[in-house]
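Quick note: the sequence shown uses our numbering, first residue 0, plus one each step.
Ideal Cβ positions, reconstructed from N, Cα and C, are used throughout, including at glycine.
All values derive from a computational prediction rather than experimental measurement.
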Amino acid sequence: MSTAAQLDALRTGIIDVAIGGGHIAPTDDPIIASVALVDDPLEIALVSAAGPLASRAWIKATELRDVPFAFIARRFAPRMYDQVIQTLVDLGLVPSVTLTGVGPRPLWRIAADSGGWTLGTRSLRTAAPPGLVGVPIEGLSIPWGVRLMWRRETSAHAVQQVLELFRRNRLADTA
0 MSTAAQLDAL
10 RTGIIDVAIG
20 GGHIAPTDDP
30 IIASVALVDD
40 PLEIALVSAA
50 GPLASRAWIK
60 ATELRDVPFA
70 FIARRFAPRM
80 YDQVIQTLVD
90 LGLVPSVTLT
100 GVGPRPLWRI
110 AADSGGWTLG
120 TRSLRTAAPP
130 GLVGVPIEGL
140 SIPWGVRLMW
150 RRETSAHAVQ
160 QVLELFRRNR
170 LADTA
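Next up, the structure:
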């Protein structure tokens, strides 16, 4: 279930707790509380391991101008899409999303198979998916990671136990 779908399920009471990835930080949501569990910003281009950029220590965003960009379609996450595209524009790259996929694994496969590129998180620099190499993009850092999310007003015992486990194990700060 995508993070956006998890947020909808939390709001409607279908689920009580969620662990979601991505940029979504529903701190301004009156219904949902959350806390960051893992900070893993988008900082790298995942490029074909066989391509000319694979051996580089880092690249400038403008060097990706002629490389096919694999990314999600805007309709799946418009806020995140706009943030990513604007950040790349600010770095001098006006990306054209020529290849689309839903979720990271399809995007990785598309980038590897097409000789294109997609964005990756800091942790993928040393653990890139098969067929890809993570190369830092100079100046790029988009907040990303994993969040624990729950309905603010929940009093369900099971939810409180889950939250307490995270608190006790110091995986979460106060929300």
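Measuring CB to CB, does residue i end up less than 8 Å from residue j?
i           : j           : result
residue 18  : residue 123 : no
residue 69  : residue 106 : yes
residue 38  : residue 153 : no
residue 87  : residue 60  : yes
residue 50  : residue 90  : no
residue 166 : residue 9   : no
residue 216 : residue 157 : No statement about residue 216 is possible, as the shown extent of the chain runs from 0 to 174 and does not include it.
residue 20  : residue 161 : no
Give me the DSSP bridge partner(s) of residue i.
i           : result
residue 38  : 144
residue 2   : Answer is none; residue 2 lacks a bridge partner.
residue 102 : The partner list for residue 102 (beta bridge, DSSP) is empty, contrary to what the question assumes.
residue 33  : 148
residue 44  : 118, 134
residue 50  : Per DSSP, none; premise fails for residue 50.
residue 18  : 147
Rank the options by C-alpha distance to the C-alpha of residue i and give the top, closest one.
i           : options          : result
residue 2   : 164, 54, 143     : 143
residue 74  : 56, 163, 102     : 102
residue 140 : 104, 85, 163, 11 : 85
residue 109 : 58, 164, 67      : 67
residue 27  : 12, 13, 6        : 6
residue 83  : 127, 119, 12     : 119
residue 125 : 64, 164, 56, 168 : 56
Regarding residue i and the ligand MG, is the C-beta to nearest heavy atom distance less than 7 Å?
i          : result
residue 93 : Of ligands this structure carries none, so the ligand MG is not represented either.
Three or more C-beta pairs below 8 Å linking the region 32–45 and the region 89–100: no
At least 3 beta-carbon pairs within less than 8 Å: the region 118–136 vs the region 40–56
yes
Exercise for review: Inspect the CB distances between the region 44–59 and the region 102–119 and report whether three or more fall short of 8 Å.
Suggested key: yes
Could you pull out every unbroken alpha helix (DSSP H) segment of at least 4 residues lying fully inside the region 105–169, listed in chain order?
156–167
Worksheet item: Hey, which unbroken runs of the beta strand (DSSP E) at 3 residues or more fall wholly within the region 65–94?
Response: 68–70
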